[in-house]
Each structure stands twice: as structure tokens, then as C-alpha cells.
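**Q** Structure provided below as C-alpha cells; questions to follow.
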């Protein structure tokens, strides 16, 4: 089966500013693909081209086998994609059910309205007017409007903005359920834990170019980076007293950080290093409080890849 989204050599210029330069990536059917990048990096322009809101200057783009820039394909494509943008204009005096039912009429084979209301967690709110909903409930309504047409491809732009932690986890499960049912999802988010939890693959765009692509666990070399062992230095002990000689030869001990007082030891052999450090502590009757072992997080990698960000060129358009 061909990929759901194909982007090859995509370029877009605004006057003297080249917002997107030779961007290429694919999104497989039934995949959650996260496109990450700071404001002004070219992410919004790329998505608006995929959604058919903006024309491209160069390159090839296919969405569900169609060219989103071809006006003749517009209606057929809109019937097969769903959009959950950052700000969707809806009638404030309609009820939740009226709003979703109205949008259901735009599609040839919509999902059941009550089923969608349950799916997004708005059961019991059917008769409330849109203007009376909380920020999180309005975001759930946005998701309902995005999926009511039973799309083959769903664009999710910052889907959990305004959600509390419990609501975010619930929304994540909704997204996974959509993927498991066969919906392809293109996700944008500034929450790296959200990308880590949801995405099958991630691409990072910076200054108009894709700078890294891969799974959340391997992108930017996360899987082969040095592990970090962090702990609080025992009372009365100095960094110089740590058993540096017994650590693996590649270990890089660091000074205690003034902000949190933790010592960091980096190594590609964390088991050996941890054995040496904990053994030393036990022999001296010490406790390594706040002890953790991890590798650079997705956020660490993202910040490293995008540290030279570009200024913002455009603003995401709202539509319905």
C-alpha cells in the first residue's frame, strides 16, 4: 500500500524568506507521525500545504494519493481527512450535540454522533452550549469535529492544550484507539512527553529543514548516547572522593550542579558504573539519595537539534 503522505523536496518562500527548504518525509498508513519544531521553523507552512490551505513553490506532495494543491481534488480530499487545529471557530450558542451533528452532515459517511461524543469524553455534556464549556472541553469538541467524518487521515495540531494531566492521558488513549482502528495521524505538539507517548516516528524541522527523523527512542542517537547516572552527593562528601578510578574508562564524572546539587556521571556502561558507585556508598555507610539512571530525553535531543531556531514567519490559520 502506498504511503498515506509523501513529501519530496518541498519548498516554500515568502518574499526573501525561504520558510521551507527541500523538506522530505513519508507517513505510512495507520501510523502516528509527529512533526516537531519551534515556532517559525517551517512546521506550520508544511502542514498547511499538506492540508491544502497553502500552495507550494517546488517539490512533490501527495496526501492519500492526491495532490492537495490541485483544486479539482479538494472536495474528495476534504471528505477523507480530519483537522484539529489550534483554534477552530464554532457557533457558541449551539449545543455540543448540535455542533457535532451539523458537521456530520458535511460528510458522505460520518461516524455516529453519540459514539463520537463518548469517544472524546463529552458524554453528559451533549446539551451544554459551546460558550459554557471549559477550555479542555472545547478542545475535546475540536477533536470530535475532527473525527466525525470518519477520516482516513487526521491532522492533530497541539491536541491537548489546556488539558489537565488526567485529561491528557485520556486524550492520548483516544488517539491510540484511532490509530489502532486504522486512522493515520499527523501530530504536532510542543509537549515532548506527548510525542514520546504517541508517535511511531518523529521528524524534527528547524530553520526550514528536516534535521532528524526516526523513532522517539532512537532519534538523534538517543539509543546509543551515554547514560546519565545522577545522585545527591552524601553529606560531608566531596566530588573528589567519588571512586573515579573504578568507573568504566569512558565515564565522564561532572561537578555537582549548583541548582539541584546533583552529581552526574555519564557512561555507555551504566551497569558497571552503577555497581561501582553503589558499592562504594555501601562500604562507607552512605546513601545516594535521588539516584536515577537515564539517557538523554526526547526533549534533550529536540533542544539540541533546534537550538539555532529561526524567527516566526507566519501564524497557523484557523478554519472550519
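Numbering (our numbering), first residue to last: 13 to 332. No residue lacks a Cβ here, since even glycine has one placed at the ideal position from N, Cα and C.
Does the distance from the CB of residue 56 to the CB of residue 24 come in under 8 Å?
**A** Taking the first residue of the chain shown as 1, we reach residue 56 at position 44. Taking the first residue of the chain shown as 1, we reach residue 24 at position 12. No; because the gap between Cβ atoms is not below 8 Å, this pair is not in contact.
**Q** Under 8 Å between the Cβ atoms of residue 96 and residue 47?
**A** By 1-based counting over the chain shown, the position of residue 96 is 84. By 1-based counting over the chain shown, the position of residue 47 is 35. Cβ distance not < 8 Å, so residue 96 and residue 47 don't count as in contact.
**Q** Can you tell which of 31, 26 and 13 has its C-alpha closest to the C-alpha of residue 219?
**A** As a position in the chain shown, residue 219 is number 207, starting the count at 1. Among 31, 26 and 13, the Cα nearest to that of residue 219 belongs to 31.
**Q** Which of the three DSSP states, helix, strand or coil, is assigned to residue 24?
**A** Along the chain shown, read from residue 1 onward, the residue named residue 24 stands at position 12. Three-state result, residue 24: strand.
**Q** For residue 54, I'd like the list of residues in its chain whose CB is within less than 6 Å of its CB, leaving aside the five on either flank, ordered along the chain.
**A** Looking up residue 54 in the chain shown gives position 42. Cβ within range, chain order: 31, 32, 217 and 220.
**Q** Rank 281, 245 and 249 by C-alpha distance to the C-alpha of residue 262 and give the top, closest one.
**A** For the purposes of this step, residue 262 is identified with residue 250 of the chain shown, where counting begins at 1. Per the Cα distances, 281.
**Q** Count the C-beta pairs between the segment 60-76 and the segment 231-239 that are closer than 8 Å, then say yes if the count reaches three, no if not.
**A** Not touching, per the Cβ criterion.
**Q** Between the segment 293-301 and the segment 240-251, can you find at least three pairs of beta-carbon atoms closer than 8 Å?
**A** Flag = yes, the segment 240-251 and the segment 293-301 touch.
**Q** Tell me, which residues are paired with residue 218 by DSSP?
**A** Translated into positions along the chain shown, residue 218 becomes position 206. DSSP, once it has assigned bridges, lists 221 as partnering residue 218.
**Q** Would you mind reading off the limits of the beta strand (DSSP E) that contains residue 169?
**A** For the purposes of this step, residue 169 is taken as the residue at position 157 of the chain shown. 165-169 is the extent of the beta strand (DSSP E) around residue 169.
**Q** Are the CB atoms of residue 158 and residue 64 within a distance shorter than 8 Å?
**A** Within the chain shown, the letter at position 52 stands for residue 64. Within the chain shown, the letter at position 146 stands for residue 158. Not closer than 8 Å, so no.
**Q** Can you name the start and end residues of the alpha helix (DSSP H) that residue 207 belongs to?
**A** In the chain shown, counting from the first residue as 1, residue 207 sits at position 195. Where residue 207 is concerned, the enclosing alpha helix (DSSP H) stretches over 204-210.
**Q** How far does the beta strand (DSSP E) with residue 305 in it reach, from first residue to last?
**A** To locate residue 305, count along the chain shown from 1; it is residue 293. Unbroken beta strand (DSSP E) run through residue 305: 304-306.
**Q** With respect to the alpha helix (DSSP H) encompassing residue 178, which residues constitute its N-terminal and C-terminal limits?
**A** Within the chain shown, residue 178 is the residue found at index 166, counting from 1. Unbroken alpha helix (DSSP H) run through residue 178: 177-192.
**Q** Taking the Cβ atom as the reference point for each residue, do residue 133 and residue 176 lie within a distance shorter than 8 Å?
**A** For this step, residue 133 is matched to residue 121 along the chain shown. For this step, residue 176 is matched to residue 164 along the chain shown. No, they are not a contact pair.
**Q** Could you check whether residue 111 and residue 153 sit closer than 8 Å to each other, using their CB atoms as the reference points?
**A** Numbered from its first residue, the chain shown carries residue 153 at position 141. Numbered from its first residue, the chain shown carries residue 111 at position 99. Yes, the pair counts as a contact, with Cβ atoms nearer than the cut-off.
**Q** Could you tell me if residue 215 is buried or exposed, where buried requires 16 or more neighbouring beta carbons within 10 angstroms of its beta carbon?
**A** Translated into positions along the chain shown, residue 215 becomes position 203. Counting Cβ neighbours within 10 Å, residue 215 comes out buried, since at least 16 surround it.
**Q** Pull the bridge partners of residue 241 from the DSSP assignment, please.
**A** Taking the first residue of the chain shown as position 1, residue 241 is located at position 229. In the DSSP output, where bridge partners are listed per residue, residue 241 has 277 and 305.
**Q** Output needed for residue 288: all residues of its chain with C-beta closer than 7 Å, excluding positions within five of it in sequence on either side, in chain order.
**A** As a working mapping, residue 288 is identified with position 276 in the chain shown. Contacts found: 255, 258 and 259.
**Q** Under the rule that 16 or more other beta-carbon atoms within 10 Å means buried, what is residue 14, buried or exposed?
**A** What you label residue 14 is simply residue 2 of the chain shown in a count that begins at 1. By the 10 Å Cβ count, residue 14 comes out exposed.
**Q** What is the residue span of the alpha helix (DSSP H) that residue 58 lies within?
**A** Within the chain shown, residue 58 is the residue found at index 46, counting from 1. Here the alpha helix (DSSP H) through residue 58 covers 55-63.
**Q** Skipping 5 residues on each side, what residues in its chain have a beta carbon closer than 7 Å to that of residue 194?
**A** As a position in the chain shown, residue 194 is number 182, starting the count at 1. The residues are 42.
**Q** Starting from residue 31, follow the beta strand (DSSP E) in both directions and report where the run begins and ends.
**A** In the chain shown, counting from the first residue as 1, residue 31 sits at position 19. Taken as a continuous stretch (DSSP letters only), the beta strand (DSSP E) holding residue 31 covers 29-39.
**Q** Would you call residue 322 buried or exposed, if buried means 16 or more other Cβ atoms sit within 10 Å of its Cβ?
**A** Your numbering for residue 322 matches position 310 in the chain shown. Note that residue 322 has pLDDT 40, beneath the 50 cutoff, so the model's placement of it is unreliable and no number is given.
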